[in-house]
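Numbering (our numbering), first residue to last: 370 to 620. One structure is given here, and the rest of the page talks about it.
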Amino acid sequence: MVNTDPVRDWQIATVTSVHVETPRVKLFRLELPANTRFRAGQYFDVRLTAPDGYQAQRSYSVSSSPSDPSMIELAIELISDGEMSAYFHEFVELGDQIELRGPIGGHFTLSQNFIQPLLLIAGGTGLAPVISMLRQRQSVETTAPTVLMFSTRTEADILFREELMQLSEQDTNFHLVITLTRSASGEIPMETYFENRRIDRPMIDSAINLLGNVPARAYICGGSGFVETIGNHLLDIGMRHDDVRTERFGP
Ligand SMILES: Cc1cc2nc3c(=O)[nH]c(=O)nc-3n(C[C@H](O)[C@H](O)[C@H](O)COP(=O)(O)OP(=O)(O)OC[C@H]3O[C@@H](n4cnc5c(N)ncnc54)[C@H](O)[C@@H]3O)c2cc1C
């Protein structure tokens, strides 16, 4: 019998659900061929092969909790002219078989025993690995304060909206700050909610106030510019380089 290594060797996973989460993002649940332990924040490489042999490969973060090693959930945004994301949005359906390998990534991960105050900052689908971290923290029931700052375009683009709202209502140690880069309809009743604004230094200062102190660690995930700007703010307020963990998804 040949032993396979899920990180190095391509595996076949089966699509067990497809859910339209927002107008631009679909959630795909994939059953793994064998239980595969992963850490919150890790990603998998996905590979498509056309009938003529042409192959495309992209990375996608796991949004599901590491507490279930039998499956992973991926949150894939449809990118204009995007090769892989368009394929997933247009063609992938229940029962399809998808080639992947992983989990991959070590620096942008949250270990299960990390239960200190945490600042999570996500832009768009950068929320995928971050919600995996939140889901893990919920399952270990830590009381350490956690702030999630989430930036997205409009109300319709708020990923995992019900789950986040519910968590912020139920868990007094969890603070949700949503900022829309465009204007809001006023539909969402929320304490810490901004419109026509991007995450800036005053917003970060107010997150630090919510935490009570500079956090033990921050995780930032999103586009390159987003990650860079916010990472610099966090270094400016005195966080150590190694405590500011970043993952960049694209331009
Ligand atoms: C570690 C890691 C984890 C990732 N996790 C996720 C995830 O959870 N969900 C997710 O949706 N994506 C994620 N991505 C991005 C993903 O790998 C692809 O880059 C993305 O889906 C676009 O691929 P595509 O083939 O559709 O577009 P391509 O055909 O590669 O690109 C088409 C055009 O879109 C631009 N572009 C590429 N990526 C982006 C982007 N992210 N935003 C805006 N423009 C872009 C390109 O510059 C190009 O002009 C992750 C990337 C990395 C490196």
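C-beta atoms are modelled at their ideal positions from N, C-alpha and C, and glycine is treated no differently. Here the structure is a predicted model, which means the values were calculated and not measured.
DSSP beta-bridge partners of residue i
i	result
Q426	R416
L487	T515, R586
E627	In this structure the chain extends from 370 to 620, so residue 627 is not present and cannot be described.
A576	DSSP, once it has assigned bridges, lists no residue as partnering A576.
F397	V387, L443
Close Cβ partners of residue i (< 8 Å) along its chain, the five nearest in sequence each way excluded
i	result
G592	G492, G493, G495, R617, F618, G619, P620
D574	I606
R377	R470
M347	Here the chain comprises residues numbered 370 to 620, so residue 347 is not present and cannot be evaluated.
L604	H610, V613
Contact set for residue i: own chain, Cβ-Cβ below 6 Å, skip 5 residues either direction
i	result
L545	L517, L533, S537
T511	I484
L579	V516, H544
A513	I484, Q485, P486
F457	I445
M453	A425, R427
N565	S552
D526	T391
N542	T512, P514
Exposure of residue i, with buried meaning 16 or more beta-carbon neighbours within 10 Å
i	result
H476	exposed
A419	exposed
Q411	buried
H602	buried
F595	buried
E459	exposed
Whether residue i touches residue j by CB criterion (9 Å)
i	j	result
I445	S433	no
R416	R504	no
R408	P486	no
D540	P584	no
L463	A497	no
Y429	M502	no
C590	T550	no
L447	V431	no
I500	L399	no
I568	I490	yes
Proximity test, residue i beta-carbon vs ligand 2 heavy atom, cut-off 8 Å
i	result
E390	Summarising the ligand content, the structure contains ligand 1 and does not contain ligand 2.
Cβ shell of residue i (< 7 Å), same chain only, five flanking positions each side left out
i	result
G600	I589, V613, T615
H388	K395, L396
**Meets three-Cβ-pair contact criterion under 8 Å: the segment 515–529 and the segment 376–384** = no
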